[in-house]
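Since the structure comes first, as structure tokens, the remarks are kept for the end.
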């Protein structure tokens, strides 16, 4: 039913007044249907650029991203995206936000109502259906954003540091919710984060990326049963190992910034 | 109780001014023709409000009650404000949406807009009379011009400031161009557009008073100018107070409408 995401030789070059910046170089990944993959790395490593390329917001400069035998060139509801800034439409109520994607697809009203009610249930949002986003906490807003994407019933979910702005407890709570939903609905999830712990807690597979140019530094499968215990030895061994990899890149990032500052 | 206290507090200075004014008038400090006492103004205002003659058999009670000169004038002025505003804003809104959304259209129209915008609507009076003669049409024209630019400028700004994240989210949901415009860009720009509407209505209200002084024979602006011909200063002030009350009523109505339309907006309590 669903197809893998094929990322073939993807490059992305940004032209800037200071010269070309190679954001992505030689990225080759195959993401299987139903897989939960985290893109991990320090800021500037191109993980969001790669996600935006898969989303179709910024197509690659070279190489292809192929889903269902089609090369991705523009955004579409088959790849629903959850943003860190929630990006809910503030003039729509919770229920209207969730229904919007379905209205665009010209679904029957009865069907829309049914889906919206199911999603309000699934994400424990029932009591908030007629509220506006301004009246909701960050965690609640992100639940609505997830529901809005789930309403599209797309096989792929893209998440750009979705829990980055939340406090630690809300974050853990939503991570558990996300895992529950993922196990129930079997979506393919591509999840960008800079939190090592978050990636180990969630993912089947962690792709660690290098700082400029963004390449794949490590393609790490996580073979631990869920729910994972962040205090367990196996969890911490992996955390130490990935921490070392990420910090190397973070150091290169910091060095590059220092150099840039020195030139100024 | 607290409300009563607040009210008393707010009324203190206006009441003092009125008492002082009344006292000065009674003491004969200024001539009643130049500066009538507030009590005389109030009496005149009441007379201006009431029906001019006994109820006629052909009128219903309500018709008779509303047949006073003041209500007729207020209605005429309000009618001109609304008609002129609808014309001006009705032209400004689509043009503003186009100019805000499309940089080429913006580049085409902006120079002309920038040249015309600083011309005060009042400067159009000679042309308005030349083109439209007397009566309501020149009023509508002037008021429309007064309302046009605030609504236009704010609509352009409103469309341009729409946060890119909404556009990205909408494209991700599969929104096409038309839906993007009607269901994302337009609502996202509404706070700016409504701010323009409020300024535009305010300008329209200024312009209506001026326009009534030139080309018509009813309305609040006409009435206070007419009163001057007869040296009825009490009626002039009564008319001015009515203009103030009508302006307040319009602004309150627009503000209520804003609060309703923007009930989703941050920072607004309803």
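Residue numbers (this note's numbering), protein chains in the order written: chain V, 87 to 350; chain H, 11 to 280.
Even for Gly, the Cβ is constructed at its ideal location relative to N, Cα and C.
Since the model is a prediction, treat every value here as computed from it, not as a measurement.
C-beta neighbour in chain H for residue i, strict 7 Å
i              : result
residue 273(V) : no
residue 218(V) : yes
residue 283(V) : no
residue 250(V) : no
residue 130(V) : no
residue 163(V) : yes
residue 153(V) : no
residue 190(V) : yes
Interface flag, residue i vs chain V, CB-CB below 7 Å
i              : result
residue 210(H) : no
residue 175(H) : yes
residue 170(H) : no
residue 179(H) : yes
residue 279(H) : With a pLDDT of 45 at residue 279(H), under the threshold of 50, the modelled position of that residue is not reliable, and the figure given next carries that caveat. Residue 279(H) does not count as touching chain V.
residue 197(H) : yes
When the options are compared against residue i, the one with the closest alpha-carbon
i              : options                        : result
residue 214(H) : 146(H), 92(H), 137(H), 197(H)  : 92(H)
residue 134(V) : 191(V), 170(V), 313(V), 106(V) : 170(V)
residue 225(H) : 137(H), 102(H), 17(H)          : 137(H)
residue 190(H) : 154(H), 172(H), 260(H), 148(H) : 172(H)
residue 281(V) : 252(V), 309(V), 204(V)         : 252(V)
residue 112(V) : 105(V), 295(V), 279(V), 154(V) : 295(V)
residue 174(H) : 228(H), 111(H), 18(H)          : 111(H)
residue 221(V) : 202(V), 248(V), 180(V)         : 180(V)
residue 159(H) : 102(H), 30(H), 179(H)          : 102(H)
residue 257(H) : 30(H), 218(H), 245(H)          : 218(H)
residue 149(H) : 125(H), 96(H), 262(H)          : 96(H)
heavy atom of the ligand GDP below 6 Å from residue i C-beta
i              : result
residue 161(H) : Of ligands this structure carries none, so the ligand GDP is not represented either.
Environment of residue i [buried if 16+ CB atoms lie within 10 Å]
i              : result
residue 99(H)  : buried
residue 42(H)  : exposed
residue 15(H)  : exposed
residue 65(H)  : exposed
residue 134(H) : buried
residue 278(H) : Interpretation of residue 278(H) is limited by its pLDDT of 49, a score under 50 that renders its predicted location unreliable; the figure taken from the coordinates is listed afterwards. Exposed, because fewer than 16 other Cβ atoms sit within 10 Å of the Cβ of residue 278(H).
residue 129(H) : exposed
residue 163(H) : buried
residue 4(H)   : No information on residue 4(H) is available, as it lies outside the stretch 11 to 280 that chain H covers here.
residue 90(H)  : buried
residue 289(V) : buried
residue 248(V) : buried
residue 197(H) : buried
residue 124(V) : buried
residue 172(V) : buried
Continuous beta strand (DSSP E) stretch holding residue i: start and end
i              : result
residue 165(V) : 165 to 168
residue 295(V) : 291 to 295
residue 244(V) : 242 to 246
residue 98(V)  : 91 to 102
residue 307(V) : 302 to 307
residue 123(V) : 122 to 126
residue 276(V) : 274 to 279
Chain H residues whose Cβ lies nearer than 8 Å to that of residue i
i              : result
residue 187(V) : 183, 184
residue 141(V) : 182
residue 224(V) : None at all; the shortest Cβ gap to chain H is about 14 Å.
residue 171(V) : 175
residue 214(V) : Simply none; closest approach about 14 Å.
residue 91(V)  : Simply none; closest approach about 16 Å.
residue 209(V) : Neighbours of residue 209(V) on chain H: none; closest Cβ ~17 Å, over 8 Å.
Residue i, enclosing alpha helix (DSSP H) - first and last residue
i              : result
residue 112(V) : Residue 112(V) -> not in any alpha helix (DSSP H); beta strand (DSSP E) instead, spanning 105 to 117.
residue 180(V) : 180 to 190
residue 124(H) : 113 to 126
residue 154(V) : Run containing residue 154(V): none; DSSP gives neither H nor E here.
residue 262(H) : 243 to 271
residue 232(V) : 224 to 237
residue 239(H) : 230 to 239
residue 261(V) : 254 to 271
residue 172(H) : From DSSP, residue 172(H) is part of no alpha helix (DSSP H); its letter is neither H nor E.
residue 141(H) : 135 to 142
residue 58(H)  : 48 to 59
residue 215(H) : 196 to 225
Contacts of residue i in chain H (Cβ-Cβ under 7 Å)
i              : result
residue 167(V) : 182
Residue i: contacting residues in chain V (beta-carbon distance under 9 Å)
i              : result
residue 275(H) : 176, 177, 218, 220
Neighbouring residues, chain V, relative to residue i (Cβ below 8 Å)
i              : result
residue 207(H) : None at all; the shortest Cβ gap to chain V is about 17 Å.
residue 189(H) : 190
residue 194(H) : 175
Chain V contact residues for residue i, given Cβ-Cβ distances below 7 Å
i             : result
residue 25(H) : Chain V residues near residue 25(H): none, gap ~41 Å exceeds 7 Å.
Listed by chain order, chain H residues near residue i by CB distance under 9 Å
i              : result
residue 205(V) : Those do not exist, as residue 205(V) stays about 14 Å from chain H at its closest Cβ, beyond 9 Å.
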